[in-house]
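Chemist: As you go down the protein sequences, you meet chains A and B in turn. Just so you know, we're using the working numbering here: the first sequence kicks off at 1 and counts up by one. Just so you know, we're using the working numbering here: the second sequence kicks off at 1001 and counts up by one. We put the beta carbon where it would ideally sit given N, CA and C, even for glycine.
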Amino acid sequence: MSSNSYASRGSRAFHVAAHTLLETIRDRVFGVSILFSAMLLGAALVLSPLAAGEQDKIIMDLGLAGISVIGLFLALFIGASLVFREVERRSIYTVLSKPIARDEYILGKYCGSVLTIVLNVLMMSVLYVLLVSLHLETFHMGLLSAIYLIALELAVIAAFSLFFSVVSSPFMGAFFTLALFVAGHLARDILHFAELVPAESGRMILKGITYMLPNLEYFNVKGMAVYGKPIPPDLLLFATSYGALYIVGVLLLTMLVFRRKDLQ
Amino acid sequence: MIRVDHVSKDFRSDFLRRRRTVVRELSFEMRPGETFALLGANGAGKTTTMKMILDLIRPDTGSITIGGIDSRDPMARSALGYLPEQPYFSPHLTGFELIRYYGALAGVSREIREERARNLIRSLGLQGAENRRIRHYSKGMMQRLGFAQVLISDPSVLVLDEPMSGLDPVGRKEIRDVLLAQKEKGKTILLSSHILEDVERICDRAGFLVEGRMEEIVETMPAPLPQRRRDDAPRSVPSLERLFVEHVHSRYKEKIAE
């Protein structure tokens, strides 16, 4: 067909991403997440008088935790069902019957889910920054660094969530992603625990698993930000590289698995 | 145009991962502009064959080419449109958005896909519903939307899995007219259907799949409607119905007897 061109990989992945974004922001889950975000920030405001002398810290801390938790909720619910739902509903057949490679599809799905999460983080951040600036008058750049690292952590979680969506059901995918989130924040403790395992083989296995897990504490600077401590640029750079490495690795693994998958 | 060469496919379906052969040593070739039907009972391997042509399922052995290009190459699908049985689309999009999305995936330029999308909405009778969310679409509208996503790239090859399934007589006629119009334009069409009357009317050849094997390929001969309705009418070639019974039904009776 003269009017059809075999567009670049980026172009097709872009269309899948834009479609995924449109689909997810029209989903009820996105609306609910925004509602919960506003409720959480409101709760932080209402509950802060209970912490005498620490009101500012409580509002800032609860706000950041809210952005993180709601973002995780989105990554779990959207990411875990992203590919599985399309396979189950069979809408993936018509998409992949177009001249699009499976890798482009995965890339587009990932970008779409991250865009949705980033949009949610942005909307919450605007509310948060307004609250901190106008109500507490204690806004500083460290808070924006903390928000950036939350978004980066969620992007890593979204990559794992998409992987689980390809290899399991939405329920199991959400469960595995949640388990990864918890284990990722406890990575250092699990490593210490591994040292205490008496059997050599058990110790090695546990250590191996821990080294494969992303250490999500690298993205956690909420405490520093709330107490007004400066966030070193080296830390931001390291966390960015660390997150990017995990995202690329998990996406490549997802593509590899999805390439071989029979869509029955 | 489409060449399926000694293709076999096993699935490992149950808990014990036992092998179940779905397609066995399947070979057939479609000529450009030909309309070919895959006929067979449920589970005969029709849908699996179509999915292998589209690279949704990878054959264990054998090869498939579309226009001379290996079906595993996405380029092979650049001139192809596929309609699955009972198509389903994202309920959160409008019909118009969906058609444009598929056009973009097929690599149709923005101006052309806008124009084509409007024309398709009109010709497929979706006017007035194009800006409505798909979750409000009826089954017939969904089928027509499915055809719109197939035709948005004006493909030269159409792969249609039970395109008339579940439609009322009016819907069936509308879809049949769309197919005949595509046939008139010289499109190569591969379809599966249980409605033999439609197959006789639309297709040039039909292949009988029995337990994943191609039993026979026959030339279909459209006969006048009154003749087709009488079983005892004299015919120069056996009716598809008789062949279907011979190949498919009798085999199943044997199986049941075993």
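Could you list the residues in the segment 95-126 of chain A with a C-beta less than 7 Å from some C-beta on chain B, going in chain order?
Modeler: If you check each beta-carbon in the segment 95-126 of chain A against every beta-carbon of chain B, the ones closer than 7 Å belong to V95, L96, S97, K98, P99, I100, A101.
Chemist: DSSP three-state label for T116 of chain A, please.
Modeler: helix
Chemist: Kindly indicate the opening and closing residues of the beta strand (DSSP E) around E86 of chain A.
Modeler: Counting along the chain, E86 of chain A falls outside any beta strand (DSSP E), though it belongs to the alpha helix (DSSP H) covering 82-88.
Chemist: Measuring CB to CB, does A158 of chain A end up less than 8 Å from V114 of chain A?
Modeler: yes
Chemist: In this structure, does DSSP put I1217 of chain B in helix, strand or coil?
Modeler: strand
Chemist: I need the boundaries of the beta strand (DSSP E) containing D1005 of chain B, first residue and last residue.
Modeler: 1002-1012
Chemist: So the alpha helix (DSSP H) G66 of chain A belongs to, where does it begin and stop?
Modeler: 55-74
Chemist: Using a Cβ-Cβ cutoff of 9 Å, what residues of the segment 79-94 of chain A are near chain B? List them in chain order.
Modeler: E86, R89, R90, S91, I92, Y93, T94
Chemist: Determine, for H185 of chain A, whether the minimum Cβ-Cβ distance to residues of chain B falls below 8 Å.
Modeler: Judged by the 8 Å Cβ criterion, H185 of chain A is not in contact with chain B.
Chemist: Should the segment 1142-1153 of chain B be called in touch with the segment 1088-1102 of chain B, which here means at least 3 C-beta pairs below 8 Å?
Modeler: By the Cβ test, the segment 1142-1153 of chain B is in contact with the segment 1088-1102 of chain B, since at least three Cβ pairs between them sit closer than 8 Å.
Chemist: Less than 7 Å separating the Cβ of H192 of chain A from some heavy atom of the ligand GDP?
Modeler: In the structure shown, the ligand GDP is absent, as is every other ligand, since no ligand is present at all.
Chemist: With a cut-off of 8 Å, does the C-beta of I1002 of chain B fall near any C-beta of chain A?
Modeler: no
Chemist: Which residue comes first and which comes last in the beta strand (DSSP E) that contains S1063 of chain B?
Modeler: S1063 of chain B -> beta strand (DSSP E) spans 1061-1066.
Chemist: By how many angstroms is the C-alpha of I1217 of chain B removed from the C-alpha of R1135 of chain B?
Modeler: 40 Å
Chemist: Residues of chain B with CB closer than 8 Å to the CB of L263 of chain A, please, in chain order.
Modeler: K1051, L1056, I1057
Chemist: Which of the residues in the segment 196-223 of chain A, read from start to end, lie with their CB under 8 Å from any CB of chain B?
Modeler: Result list empty, no residue passes.
Chemist: Between the segment 1111-1123 of chain B and the segment 1062-1081 of chain B, do three or more beta carbon pairs fall short of 8 Å?
Modeler: no
Chemist: Tell me whether S125 of chain A is buried or exposed, calling it buried when 16 or more other Cβ atoms sit within 10 Å of its Cβ.
Modeler: buried
Chemist: For L1160 of chain B, collect the residues of the same chain with a Cβ closer than 6 Å to its Cβ; drop the 5 residues on either side in sequence, then sort them by chain order.
Modeler: L1083, L1191
Chemist: With burial defined as no fewer than 16 other Cβ atoms inside 10 Å of the residue's Cβ, what is the status of R1019 of chain B: buried or exposed?
Modeler: exposed
Chemist: Under 8 Å, Cβ to Cβ, is there at least one residue of chain B near L149 of chain A?
Modeler: no
Chemist: In chain order, what are the residue ranges of uninterrupted beta strand (DSSP E) at least 3 long that sit wholly in the segment 1026-1088 of chain B?
Modeler: Counting only runs of 3 or more, we get 1035-1039, 1061-1066, 1080-1083.
Chemist: Could you tell me whether the Cβ atoms of T1049 of chain B and V1023 of chain B are closer together than 8 Å?
Modeler: yes
Chemist: Starting from the beta carbon of L21 of chain A, find every residue of chain B whose beta carbon is closer than 7 Å, and list them in chain order.
Modeler: Residues of chain B passing the Cβ test: none, with the nearest at roughly 11 Å.
Chemist: Can you tell me which of the three DSSP states S1239 of chain B falls into?
Modeler: Note: S1239 of chain B maps to coil in three-state DSSP.
Chemist: By Cβ distance, which residues of its chain are closer than 6 Å to C1203 of chain B, with the 5 residues on each side in sequence left out?
Modeler: T1035, A1037, T1220
Chemist: Among B:D1168, B:E1162, B:S1123, B:M1214, which residue has its Cα nearest to the Cα of V1178 of chain B?
Modeler: B:S1123
Chemist: May I ask you to list the residues that DSSP assigns as paired with V1023 of chain B?
Modeler: DSSP lists B:K1009 as partners of V1023 of chain B.
Chemist: Measuring CB to CB, does T1021 of chain B end up less than 8 Å from G1212 of chain B?
Modeler: Yes; because the gap between Cβ atoms is below 8 Å, this pair is in contact.
Chemist: Of the choices A:V121, A:I117, A:E88, whose alpha-carbon is the least far from that of A41 of chain A?
Modeler: In the sequence on display, residue 41 of chain A carries Leu and not Ala. With distances taken between Cα atoms, L41 of chain A lies closest to A:V121.
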